[in-house]
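For reference, the structure is listed below as structure tokens.
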Amino acid sequence: MRSFKVKSTTESGLLVSITVIMALMAVYLPIVGIAATLLWPLPIIVLIVRHGMQYGVLSVAAAAIIMTILISPMSAVHMVAAFGPPSLALGYGFYKGLSAARILLYGIVASLVGVFLTAGLTMLITGINPLAMAEQVESMKEAAGAAFQMYESLGMSASELEQTKKQFMEAMEYVTLLLPVVFLLSGMITAWLNFAVGGKVLRRLGHHVTTLPEFDDWHLPKAILYIFGFSLVGLYWGSTREIEILQQVSLNAYVLSTLAGFIQGTAVISSFARNRISRWLFWLIVLFVFLNGAISQILAVCGLFDMLFDYRKRFRRS
0 MRSFKVKSTT ESGLLVSITV IMALMAVYLP IVGIAATLLW PLPIIVLIVR HGMQYGVLSV
60 AAAAIIMTIL ISPMSAVHMV AAFGPPSLAL GYGFYKGLSA ARILLYGIVA SLVGVFLTAG
120 LTMLITGINP LAMAEQVESM KEAAGAAFQM YESLGMSASE LEQTKKQFME AMEYVTLLLP
180 VVFLLSGMIT AWLNFAVGGK VLRRLGHHVT TLPEFDDWHL PKAILYIFGF SLVGLYWGST
240 REIEILQQVS LNAYVLSTLA GFIQGTAVIS SFARNRISRW LFWLIVLFVF LNGAISQILA
300 VCGLFDMLFD YRKRFRRS
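Residue 202 in numbering that gives the first Met the number 0 sits at position 203 of the sequence shown; the count goes up by one each step and never skips.
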């Protein structure tokens with residue numbers, strides 16, 4: 000019992016040290032710091048799976064105190080508030096042996112909690128609300144106005160200037176409208192990345208953890224297709240009847256469901272392309288399709304209908 004306690008304490012100290020080092024990398028290394036920031040929950044996840052939730056909670060608190068001393072209180076607050084909840088949620092899911100879908104769901108919800116917790120703490124400390132995009136968009140528009148005046152003084156034609164200004168204003172409006180889906184996608188990316196990397200690390204350490212099925216066998220819920228249909232109707236009603244909140248909700252639902260359809264469509268193509276072309280070439284083609292608006296939209300619609308008709312099952316049967 001004493002040996003196990005010493006081992007738990009030693010491993011906890013080591014993993015807390017790793018979290019602090021990753022936080023230092025996130026602050027002081029521009030490019031590597033991005034990966035260190037996204038994977039900050041990883042040591043805490045490993046610690047929870049190996050020694051339990053109580054060690055995970057204590058380690059998050061210890062990491063916060065050390066980061067406050069070594070970096071700054073604001074950086075420590077932001078890091079712990081943003082990535083502490085998903086690290087605890089994912090660690091709990093792995094520790095309890097839950098299904099992959101439930102672990103990911105817990106991670107996504109916890110990541111969103113972390114976003115709003117960080118925003119609340121920032122507002123409490125500085126009085127600035129980082130989620131209030133309207134003020135930030137207005138500031139960007141004012142800065143752009145000065146840039147447009149400079150372009151005009153350099154001899155840019157009035158028609159080109161007006162067209163550029165119109166495109167910029169439309170882009171800013173879309174940024175404001177799509178803020179909810181941006182937060183949701185950031186939470187999904189954080190949860191999925193730590194789930195995938197954490198699962199591989201835990202398996203290398205000898206733990207049996209649940210994994211997602213092969214990408215070729217991914218089947219997203221049919222409800223996404225109905226959300227896509229709702230978004231189209233909502234966009235039409237919101238624009239024709241000038242219902243701003245309906246238009247914003249429908250636009251976010253449209254972007255999210257279209258992205259889900261693209262993922263499902265890519266899974267369908269991947270199952271047919273398996274053992275026919277190399278995987279690196281396949282993903283290169285997927286990248287090209289993603290960057291091409293028209294083709295990616297067609298693939299997304301095919302993926303949405305696959306949720307209902309299941310093309311892979313039909314082709315295997317035939």
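Positions of the beta carbon are idealized from the N, C-alpha and C atoms, including for glycine.
Sequence-distant partners of G233 (beyond 5 residues in either direction) whose C-beta falls short of 6 Å from its own C-beta, in its chain, are L245 and S249.
Note that the C-beta distance between P40 and P72 is not below 8 Å. At a Cβ-Cβ threshold of 8 Å, V59 and V200 do not count as neighbours.
Assignment of T209 by DSSP, reduced to helix, strand and coil, places it in the coil class. Taking a contact to require three or more Cβ pairs closer than 8 Å, the region 46-56 and the region 79-96 qualify as touching. Bounds of the alpha helix (DSSP H) holding L258 are E243 to A272. DSSP, reduced to helix, strand and coil, places H218 outside both helices and strands of the structure shown, so it counts as coil. For W39, there is no enclosing alpha helix (DSSP H), as DSSP marks it with neither H nor E. By a beta-carbon distance limit of 8 Å, F281 contacts A272. Their separation comes to about 5 Å. If you draw a straight line from the Cα of L286 to the Cα of F194, it comes to about 23 Å.
Counting C-beta pairs closer than 8 Å gives fewer than three between the region 233-243 and the region 209-218, which falls short of the contact rule.
The beta-carbon separation of V288 and S277, rounded to 17 Å, does not stay under the 8 Å limit for a contact.
Rounded to whole angstroms, A62 and A81 show a C-alpha spacing of 14 Å.
Around the beta carbon of T18, 16 or more other beta carbons lie within 10 angstroms, which makes this residue buried.
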